[in-house]
Each structure stands twice: as structure tokens, then as C-alpha cells.
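J.: Provided herewith is a single structure, encoded as C-alpha cells, for subsequent inquiry.
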Amino acid sequence: MHPNSFTPTLERRRFLIASSLATALGALPAWARAGEKLAHNPFTLGIAAGDPEPDNILIWTRLTAPLNYLGTDTVPDLAAQTVHWEVAHDAQFGQSVAKGQTTAQPDQGHAVHVQVNGLSPDRWYFYRFRCGDAFSPTGRCRTAPAAGADVKKLRMAVASCQRWEHGFYTSWADAAQAAPDLVLFLGDYIYEYAQPAKPEGLARPQPLRTAQTLQDYRDRYALHKSDANLQAVHAVCNWSVIWDDHEVENDYAGQYGRGDPAHFLAKRNAAWQAFYENMPLRASALQRNQPGLALYRTLNWGQLARLHLMDGRQYRDLQACRPEGKASTGTVDPQTCTDLHDPARSFLGWDQERWLAKQLQADGRKAADATRWSTLVQTTLFSARKHPNGKQSTDSWDGYPEARQRLVNQIIENQPRNSVLLGGDIHQNYVCAIPAQADQVPDRGNPVIASEFCGTSISSHSGTTQARVDAIVASNPQVLYARCEERGYSLIEITPQSMTTELRAVTDPLKADSSVYSLARFVVEDGRPGPVKLT
Numbered sequence: 206m207h208p209n210s211f212t213p214t215l216e217r218r219r220f221l222i223a224s225s226l227a228t229a230l231g232a233l234p235a236w237a238r239a240g241e242k243l244a245h246n247p248f249t250l251g252i253a254a255g256d257p258e259p260d261n262i263l264i265w266t267r268l269t270a271p272l273n274y275l276g277t278d279t280v281p282d283l284a285a286q287t288v289h290w291e292v293a294h295d296a297q298f299g300q301s302v303a304k305g306q307t308t309a310q311p312d313q314g315h316a317v318h319v320q321v322n323g324l325s326p327d328r329w330y331f332y333r334f335r336c337g338d339a340f341s342p343t344g345r346c347r348t349a350p351a352a353g354a355d356v357k358k359l360r361m362a363v364a365s366c367q368r369w370e371h372g373f374y375t376s377w378a379d380a381a382q383a384a385p386d387l388v389l390f391l392g393d394y395i396y397e398y399a400q401p402a403k404p405e406g407l408a409r410p411q412p413l414r415t416a417q418t419l420q421d422y423r424d425r426y427a428l429h430k431s432d433a434n435l436q437a438v439h440a441v442c443n444w445s446v447i448w449d450d451h452e453v454e455n456d457y458a459g460q461y462g463r464g465d466p467a468h469f470l471a472k473r474n475a476a477w478q479a480f481y482e483n484m485p486l487r488a489s490a491l492q493r494n495q496p497g498l499a500l501y502r503t504l505n506w507g508q509l510a511r512l513h514l515m516d517g518r519q520y521r522d523l524q525a526c527r528p529e530g531k532a533s534t535g536t537v538d539p540q541t542c543t544d545l546h547d548p549a550r551s552f553l554g555w556d557q558e559r560w561l562a563k564q565l566q567a568d569g570r571k572a573a574d575a576t577r578w579s580t581l582v583q584t585t586l587f588s589a590r591k592h593p594n595g596k597q598s599t600d601s602w603d604g605y606p607e608a609r610q611r612l613v614n615q616i617i618e619n620q621p622r623n624s625v626l627l628g629g630d631i632h633q634n635y636v637c638a639i640p641a642q643a644d645q646v647p648d649r650g651n652p653v654i655a656s657e658f659c660g661t662s663i664s665s666h667s668g669t670t671q672a673r674v675d676a677i678v679a680s681n682p683q684v685l686y687a688r689c690e691e692r693g694y695s696l697i698e699i700t701p702q703s704m705t706t707e708l709r710a711v712t713d714p715l716k717a718d719s720s721v722y723s724l725a726r727f728v729v730e731d732g733r734p735g736p737v738k739l740t
């Protein structure tokens, strides 16, 4: 829908966006409010830090002009700007560690990505930016432990899927209070859609049309990042991010989308550029002479854990039995869709599969510096899930069963001490035990070799009912727990002895001040694959 076709409520919507910007600084911790007295604030999108490394940090911000242009065809010009940055041991910046300056360029969306080197491992730092006489909020971030360090704990918030109008970002306020070491965001940071025609069941409006151009995607990030709670949790700790489909288009797969191929590729490339501009990614994510981003990578947390972040969109084959240029049907009949079990099809792409095989080899028991917890971080549900109607999902790993079994075989072959998969995308909480033959029921002859926690959405509707989910659980013994009615995130604590996952849920996502509670807790004990419910 073109923005000029909106009703007079557009002005009300712009007011709501402006109101969220006005309260953003107030939601931040006290140490994050330096410079809020300034009249002009180009830092309305906040600040962020990226992947923790032992000797450096990556800090990000993106300058903006006033955001009252959102939903219009007129974007104000903003020239290149000099941005100063500073890192310190303390929130008052009395113990400065490093400082410098960079340039925010218009062709990069006025985003800056600064890698600060020469830092000490396993410690917290504070950082901020300045443009002219305007200061950004202050952020807190940390370095990773040194290689091989004897680490006692890692706390992570794991989340995905935050459609703006479906619910308030109450979960992020709770996550900011939890103050984890790291946020893992598993995709769908934005949604490309215009607002639904019917307002029933929506928490808040948004004025933007369906994203097609670079400016459309930039506007979408500006809208999402205007949320006070999202800014707060970005300011509290490092974020490690991957993408899924809605950063571009629902259910796209690699070079395949809906409609004219040339138009889709132009839209995809614009969306990918906007993703880089708005995420705390290192320049190493940029690929020379290629439009995509190098997002699959491994994060090391001393001897305690290795986190293998995977890209499940950029390199995957088209969904089985989906005609090119058409929308995905979501499910197929496995008896008639012969492409489903084609071993040549890949979910990750063959280069990424080979990379992951090497990572798992390094995690294996026979490796000299093997990690205690080998954690595979990807976008969606990994475990097999048979539907009562006989249909099979095509966009999750169920749509790539041969690729899934190849990954399971790699885990079996290398035998990491503990293997756990994390996922999102489906807007439901699933806790699963992964057996050696992934699409068969686990039993004595088909032992459990890994654990899975697939989290619900921050705000996006699930699109199903608990009765349907219960029917799936009844016929899938590998699914230990499944809920679709709650929005929220997962809070994970890893120690040498165990990995504990708490599913945090929002009481009412349509209320900005809703409470958040513990839905359930599970533990995976060292050397014993398979989650066990605690509460």
C-alpha cells in the first residue's frame, strides 16, 4: 500500500513512533543516559556491540535525521558526518581505554562499525559515540575469555521474530534486567510487511508500506530500533546475530523469491545491505564482489563452549516442490513430492556444510582442545515433526531431511562432549531430543545424541493453536515439550556441569507494561544428551 493512501490516523501513528523515541533513553540503565540533555539527538536508533572476541570489541551506531518522514516518500538529506567514539573501564569515562573517530557516510546509511583492538580478555567495557555536541547513550559490552581459559559460566538471552504490530517488546525489558553476557538473535529482526488491513489483535500501528527498496528496509529498521526496550537490551551487552527470511521476504531461499527474478534479486540485495547497516557486524562480514554477507562463524568462550552460528537462508536450495517465482505452500505430501528426499539438496549450502563438519571435528572428543559444549546456533526447528494429516513442512529442516541426517551423522562421527542446537522462526517453544536416525522415534536402538531448544517469538503471532501442537506432540516422542500460545525468549546458563534453559513468557503481549514469568525450565547435564524438565 502506498503511504499516501493511509487514513488520517497516519499522523497518530507518527506520534506513537515519536513517543517511543522520546522514552527510549528513559528505559536505559542509569549509566547509559550520558548526554540526554542535548537538544538534537542523531542517535535515535541507539547503539550496539557485536560478537565478543578475546582482544577486541565491535561497536555500532547509525545516525539519523528526524524520523517524522517515516511512511512518506520524502527522506531528508544528511551529509557525511564525523563520529567520535570512546571506550572506557567505567561508565563515567574517567578511565579511558581507547578513542578515535570515523565517518558516517550516506551511501552506508550513516552507519558506523568500529572494531576496537588491544583489549583484555574476559572483562566488561563501556562505550559511547559523539557527533558534533550530541552524545549517544552509553553501552556496556565485554570481551570473550582467552582461548583455552577455564570458564565457569556463560549466560545468554536467545530470541527471534519481533514483528512490530503483533506485540510490545516487553521481553526485551526483562532481558535487559537479566543482564546476560550475550544475546543470540536468530532472525526476523524486522518484518517486511505493511500493517494488516484488520486492526484486531494488534498491539500498535505502523505506517510503512511493504518493503521493496533500500530506503524501505532502512525505514523498517528505524521503526523497530525506535523501541525503548530493544534499545535497552542492545545497550546492556553484546549481540551476535544471524538472519532468517523476513529481513528480505517470507520463505525466500537463496536466489529464489516471489515474482520476477531480477526484481527479487534487486530487492534481496537492498535488504542485505540494510541488514549490514543496522547490525553490529564486523567489516569481515562483507564479501568482495558478492552482494551477500559472510554470517556463518564460530564464537569461542574459553574451554567452556563454542557457538557455531549458521546461515540458513543465503545458500539453501529452493523448498521441495515449490515452483520458481511462486510462494511456498509451507507443507507438501511426502508421498508425491519426490524432491523432498533428494540427497543433492542442502539447507546450509555445500560450502557451509563442509565448514560445519570441520568445526564439529574440532569439537570432537579426540581433539586436543575440545570444548565442553558444542552449540549449533541456527534459525529454525531442527527436529523431525510428523503432522497428523501426513503433510511435511518444507521451510524448516523437515523440508531437507537428507541434509539434516548428514549433520546428525557428523555429530555422531565426531562425538562432541555435549551437542545442543538452538533455533527460532516457528513462533513456538519446542524442546526436543535428537536421535541418531533423526526422522525416527528415539529408543534403545536409536539413541539420543543431542538436545534442541527452539524458542518462541518476541512478539510475532504463532498462527496455530495449542490443540494442534498437542496433536503433534502425541505422535512425536522426540518432542518433549511444545507450546504455541506464549511470546517471549529463552535465558540460558552454561556451566561445566550443565546447560539450563529457562523459557521466559510475557503475560499479555498487547500490554506494554505486562509482566514476564518463567514458563518452564530444562537442564541438559554434562555427558547426558537430552533435556530434562525442572519446572
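Be aware that the sequence shown starts at 206, since it is given in our numbering, and climbs by one per residue. Don't be surprised by glycine CBs; every beta carbon is placed ideally from N, CA and C.
1) Is K358 buried or exposed, if buried means 16 or more other CB atoms sit within 10 Å of its CB?
2) Can you check DSSP and say which residues form a bridge with E657?
3) In chain order, what residues of the same chain lie with their CB nearer than 6 Å to the CB of V613, ignoring the 5 residues before and after it?
4) Per DSSP, what kind of secondary structure is E216 in: helix, strand or coil?
5) Would you list the one or two residues that DSSP bridges to H666?
6) From what residue to what residue does the alpha helix (DSSP H) around P177 run?
7) Just checking my contact of A490 with L500 at CB under 8 Å: how many whole Å lie between their CB atoms?
8) Quick one: residues in its chain with C-beta nearer than 6 Å to the C-beta of R360, no 5 flanking neighbours on either side, listed in chain order?
9) Ignore the nearest five residues each way along the sequence and tell me which others in E691's own chain have a CB closer than 8 Å to its CB.
10) Is it true that the CB of T536 sits closer than 7 Å to the CB of S598?
11) Candidates A309, V317, T308: which alpha carbon is nearest A253's?
12) Go through its chain and collect everything with a Cβ distance to S720's Cβ below 7 Å, but skip five positions before and after it.
13) Helix, strand or coil for T308, going by three-state DSSP, please let me know.
14) If you draw a straight line from the C-alpha of Q557 to the C-alpha of C336, how long is it?
15) Could you check how far apart the C-beta atoms of V356 and W555 are, in whole angstroms? I think they sit under 8 Å.
16) Looking at chain D, is there any beta carbon in it that lies within less than 7 Å of the beta carbon of E397?
17) Once DSSP output is grouped into helix, strand and coil, what is the label at L545?
18) Going by DSSP, what residue range makes up the beta strand (DSSP E) through R688?
19) Considering R709, what are the terminal residues of the beta strand (DSSP E) in which it resides?
20) Give the C-beta separation of L435 and W377 to the nearest angstrom, bearing in mind that I take them to be a contact with Cβ-Cβ under 8 Å.
21) Measure how close the beta-carbons of K716 and F373 come, nearest whole angstrom, since I'm counting them as under 8 Å.
22) Among residues of its own chain, excluding the 5 on either side of Q286, which ones have a beta-carbon nearer than 6 Å to its beta-carbon?
T.: So, to answer that:
1) exposed
2) L626, C637
3) Cβ within range, chain order: A643.
4) Low per-residue confidence applies at E216: pLDDT is 39, beneath 50, and the placement is therefore not dependable enough to give any value.
5) For H666, which the question treats as bridged, DSSP gives no partner whatsoever.
6) Look at the range of the chain in this structure, 206 to 740, and you will see that residue 177 is not part of it.
7) 6 Å
8) P385, D386, E698
9) N634, T661, L708, A710, V711, L724
10) Yes, the Cβ-Cβ distance between S598 and T536 is below 7 Å.
11) V317
12) T712
13) Residue state for T308 is assigned as strand, using DSSP reduced to three classes.
14) 40 Å
15) Taking 8 Å as the upper bound for CB-CB distance, V356 and W555 are not in contact here, some 34 Å apart.
16) This model lacks chain D altogether; it includes just one protein chain.
17) helix
18) 684-688
19) Segment 703-711, the beta strand (DSSP E) holding R709.
20) With a Cβ gap of about 5 Å, L435 and W377 count as contacting.
21) 7 Å
22) L268, A309, C336
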